[in-house]
Amino acid sequence: MKRFSMLLAVLFVASGLVMTHATGACSATIIKIAGMKPEGEPETKVMHRFGDILKELSGGKYEVKVFPNSQLGKESAYIANTRKGVIQMCATGTQTSSMQPSMGMLETPMLYDDYAHARRAMNGKTFELINQGFPEKSGLIMINAFPLGFRNFYTKKEVHSIDDIKGLRMRVPNIPLYTNFAKECGISGQPMPFAEVPAALDQGIIDGGDSPFSDIVADKMYEKCPKITTTRHILVIHALYINKDFFEKLPAEDQKWFMEAAKKAADECWDNAEKVDAEAIKEIKAHGGTVSEPSEALHKYMQEAGKRSWTLFTDPNSKNFVPNAQEILDSAASYRAK
Ligand code: G3P
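Numbering-wise (our numbering), the sequence shown opens with residue 21 and increments by one.
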C-alpha cells in the first residue's frame, strides 16, 4: 500500500515540470520540494516555513508543495529528480558530497563547539568555501543551511565507556564521512538510508544509531532504543537546494524572494535549535528513556577519532580529497567564540 501511494506521488510529481494552480482569478506557480524527515522535524519545518514566507513575499505568485518523509523516494532518488528538474527543490544533508566531496565538510565531526559557533560559520566564509564550484558541478544551488541538531547515540543497552562502543552495530548514513568516522571509533557502522532505520531496529540488524534529538523524537527511536548518550559528535546541517536552471530563469526580483525566504526559514531553525533539544529530552524522559553523558574518556576518544577522520578531506590520496579542506577547517575555527 505504502509503495502504491509512493508510486502515485511520483507519477503526480512527474506529470509536469512546473504546474500552475488555478485559485479563482489568479494562479500560482507550484514549486515542489521533497525531503526525507517526518512532519515536526526541523528539516520539514524549514520546508513549510520557506513555503509560507515565499508565498507572502511573492503575494501568492508561488505556492510550495512539501513532500516530506521520503514520500518521493529515498534521498538519492529525490536529489536526482531535483537535478533533472522533475521537481524544483529538495532538502537534504551531506548526501550531496557524492557530487562534490567538500559538501561532506558541512558535517565535519567534532568541529563546532555549539550552535552559535556553527551558525556564524554557516552565515560566513565557511559556507562559501564549502559551496565553491558546487552549483556548476551538480546543477543544484544550496540556498541556505540549518541545523537538525548534534548527533547523539541511541542504543538498546547503556553506552558510557570506550569499551561500550567497540564493535557496536550502529546504523550510519551511507556517506563517506560517517562510515569513516565509525571506523575511527571502532564501531561496526551499518550504512543504510534514514527511512530504513525503524525496520532495521525491529529486525535486530542494528544495536542503535546516532541522530540529533529532533530525529530521535520524530521517529520515536527511544521506544526501541531508550538509552541516549550525549556524544554530540557531529552537527547535522541540512540545506534547501534548488534546480540551478530553474532558478536562473526566474526574474531577478523573484530570485530575491526565494533567497530571502530560505534565509528567514533557516534563521528560525537556528533560533529554535536549543529549544528543540530541550523539548526532545523532556519527551524522551517522559517515555521512560534515559539521557546521560559519555564518560570523559569516551568523549576524548571520540574527539580524537573525529580529528583523525578529517584526513578523509585533507589527504590528497583520499577519494574524498577536498583541495581547500584546510582553508575550510581554518575558517570554521575562526568563528569560535573569542
Ligand atoms: O546530512 C546527512 C544526514 O542527513 C545523514 O543523517 O541520519 O539524516 O540519514 P541521517
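Glycine is no exception: its CB is placed at the ideal position from the N, C-alpha and C atoms.
Ser117 carries a helical assignment under DSSP once its states are collapsed to helix, strand and coil. Annotation: Asp227 is outside any beta strand (DSSP E) and is labelled neither H nor E by DSSP. With respect to Lys94, Ala259 sits apart: the two C-beta atoms are not nearer than 8 Å.
In this chain, the alpha helix (DSSP H) harbouring Arg328 covers Glu316 to Ser329. Every beta strand (DSSP E) of 3 residues or more that sits fully in the region 131-168 is shown, in chain order, as 160-162.
The C-beta of Gly308 has fewer than 16 other C-beta atoms within 10 Å across all chains shown, which makes the residue exposed.
Inclusion of Ser231 in the 7 Å shell around the ligand G3P follows from its C-beta lying nearer than that to a non-hydrogen atom of the ligand. A distance of 8 Å or more separates the beta carbons of Met279 and Gly229. Unbroken alpha helix (DSSP H) stretches of 4 residues or longer found wholly inside the region 178-223: 182-185, 196-205 and 217-222, given in chain order. When DSSP states are grouped into helix, strand and coil, Glu273 belongs to the helix group. With a cutoff of 8 Å on beta-carbon distance, Asn172 and Ile248 are scored as near each other. Under the three-state reduction of DSSP output, Ile53 falls in the strand class. Distance from Gly326 to Phe201 at the Cβ level is roughly 7 Å; contact confirmed, criterion being Cβ atoms closer than 8 Å. In the assembly as shown, Gln223 is an exposed residue. Its beta-carbon has fewer than 16 other beta-carbons within 10 Å. Under the three-state reduction of DSSP output, Cys245 falls in the coil class, being neither helix nor strand. The alpha carbon of Ser158 has as its nearest neighbour, out of Ser118, Glu347 and Glu324, the alpha carbon of Ser118. Following the DSSP letters along the chain, one finds Ala111 in no alpha helix (DSSP H) but inside the beta strand (DSSP E) bounded by residues Met109 to Thr112.
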